[in-house]
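Engineer: Next up is a structure, given as structure tokens.
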Amino acid sequence: MQPGTPIDMSITTLILQATLPVQIIMLLLVLISVVSWTFIFSKRSALKRAQAQTQNFEDDFWSGGDLASLHQTVTKRRSEHGALARIFDAGMTEFIKAHRTTNAVDGARRAMRAAFQREIDDLETNLGFLASAGSVSPYIGLLGTVWGIMHSFLGLAGAEQATLAAVAPGIAEALIATAIGLFAAIPAVVAYNRYTNDIDRLAIHFETFVDEFLNILQRQSNA
Numbered sequence: 001m002q003p004g005t006p007i008d009m010s011i012t013t014l015i016l017q018a019t020l021p022v023q024i025i026m027l028l029l030v031l032i033s034v035v036s037w038t039f040i041f042s043k044r045s046a047l048k049r050a051q052a053q054t055q056n057f058e059d060d061f062w063s064g065g066d067l068a069s070l071h072q073t074v075t076k077r078r079s080e081h082g083a084l085a086r087i088f089d090a091g092m093t094e095f096i097k098a099h100r101t102t103n104a105v106d107g108a109r110r111a112m113r114a115a116f117q118r119e120i121d122d123l124e125t126n127l128g129f130l131a132s133a134g135s136v137s138p139y140i141g142l143l144g145t146v147w148g149i150m151h152s153f154l155g156l157a158g159a160e161q162a163t164l165a166a167v168a169p170g171i172a173e174a175l176i177a178t179a180i181g182l183f184a185a186i187p188a189v190v191a192y193n194r195y196t197n198d199i200d201r202l203a204i205h206f207e208t209f210v211d212e213f214l215n216i217l218q219r220q221s222n223a
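Going by UniProt numbering, the first residue of the sequence shown is number 1, and it counts up by one from there.
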């Protein structure tokens, strides 16, 4: 490069001129980011739907209506009533099967606990990927940066004169890998923390409902 020649430092140019290993790392990080954002939006929609369904079912349950009628309604459309309704359905179904026996309430408790765990596992789907993306992406980006900087300095081995202009493009393109890594990691970490908190709140709702519903079943069993 002749002295005084302007250096094209645009991001697009730096990415295109990066070494193949760095480009592969950048592509991997972009793919991680795309998948993360897909899970972020889908999980946001699923949790909002679960929260609304939980609130609607609690309103129906505590409205004072007949539990048998509510159970029939839920059984016909289990998917539309949400996770809490399915937990209720599991407990009520088991209680009806074992009605008039000494272990009816215990059976309902076990059935609801199993249904509770299934629903929580379903809500936590894909959160593991967000956690991994948030923790691993910066290191993948750092790997690309280290490789790019090392390649830039190795290129100076045969140069007669080492100048900042000679290594600046290589260092800049290497640092882009770190920037992409952070871009992939930060939203994943924020979303993971937010959604974990939302799921914990729903789990508390579910556990409280299970305890209250078991008290109702216990009174019915003793009647």
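Virtual Cβ for every residue (Gly too), placed ideally from N, Cα, C. Given the structure is predicted, the values throughout are model-derived calculations rather than measurements.
1. At what residue ranges does the UniProt domain "MotA/TolQ/ExbB proton channel" (83–207) contain a whole run of the alpha helix (DSSP H), taking only runs of 4 or more?
2. Do Ala85 and Phe57 count as a contact pair if the criterion is CB distance below 8 Å?
3. According to DSSP, is Ala18 helix, strand or coil?
4. Can you check which of these residues, Glu124, Val22 and Thr13, is closest to Ser152 by C-alpha distance?
5. For the candidate residues Phe41, Leu70, Ala174 and Ser221, whose alpha-carbon lies nearest to that of Thr13?
6. What do you reckon, are the CB atoms on Ala108 and Gly82 nearer than 8 Å?
7. Enumerate in chain order the residues of its own chain whose CB-to-CB distance from Thr5 is below 7 Å, with the five nearest sequence positions on each side excluded.
8. My guess is that Gly148 and Thr19 are in contact by the Cβ rule of under 8 Å, so how many angstroms apart are they, rounded?
9. From what residue to what residue does the alpha helix (DSSP H) around Ser69 run?
10. Straight-line CA distance for Gln220 to Thr93?
11. My output table needs one value for Ser221: the three-state DSSP class, helix, strand or coil.
12. Going by beta carbon distance, what residues of the same chain come within less than 7 Å of Thr145, once the five residues before and after it are set aside?
13. Would Thr35 pass as a contact of Phe183 if the rule is Cβ separation under 8 Å?
14. Under the three-state reduction of DSSP, which class applies to Ser36: helix, strand or coil?
15. Thinking C-alpha only, which one of Arg110, Ala68, Glu212 and Phe39 is nearest Pro187?
16. Which of the three DSSP states is assigned to Gln2 in this structure?
Structural biologist: By the coordinates alone:
1. 83–97, 104–123 and 127–154
2. The residue labelled residue 57 in the question sits at position 57 within the sequence shown. The residue labelled residue 85 in the question sits at position 85 within the sequence shown. In contact: Phe57 and Ala85 (Cβ atoms closer than 8 Å).
3. Position 18 of the sequence shown, counted from the start, is the residue given in the question as residue 18. Reduced to three states, the DSSP call for Ala18 is coil.
4. As a working note, residue 152 is residue 152 in the sequence shown. Nearest C-alpha to Ser152: Val22.
5. Numbered from 1 along the sequence shown, position 13 holds the residue referred to as residue 13. That would be Ala174, whose Cα lies nearest to the Cα of Thr13.
6. Taking the sequence shown and counting its residues from 1, the one referred to as residue 108 is at position 108. Taking the sequence shown and counting its residues from 1, the one referred to as residue 82 is at position 82. No, these two residues do not count as a Cβ contact at 8 Å.
7. For this step, residue 5 is matched to residue 5 along the sequence shown. Note on Thr5: pLDDT 49, under 50, position unreliable in the model; the coordinate value appears next. Excluding residues within five positions, none has a Cβ falling inside 7 Å.
8. Position 148 of the sequence shown, counting from 1, holds the residue named residue 148. Position 19 of the sequence shown, counting from 1, holds the residue named residue 19. With a Cβ gap of about 7 Å, Gly148 and Thr19 count as contacting.
9. Position 69 of the sequence shown holds residue 69. Element bounds for Ser69: Leu67 to Lys76.
10. For this step, residue 220 is matched to residue 220 along the sequence shown. For this step, residue 93 is matched to residue 93 along the sequence shown. Straight-line Cα distance between these residues: approximately 14 Å.
11. As a working mapping, residue 221 is identified with position 221 in the sequence shown. Helix.
12. The sequence position of residue 145 within the sequence shown is 145, counting from 1. Correct list, in chain order: Ala174, Leu175, Ala177 and Thr178.
13. Within the sequence shown, the letter at position 35 stands for residue 35. Within the sequence shown, the letter at position 183 stands for residue 183. According to the sequence as given, residue 35 is Val; it is not Thr. No, they are not a contact pair.
14. Mapped onto the sequence shown, residue 36 falls at position 36. Note: Ser36 maps to helix in three-state DSSP.
15. Reading the sequence shown from its first residue, position 187 is the one you call residue 187. Residue Phe39 is the option with its Cα nearest to Pro187.
16. Locating residue 2 in the sequence shown gives position 2, counting from the first residue. Its pLDDT being 47, under 50, Gln2 is placed unreliably in this model, and the coordinates cannot settle the point.
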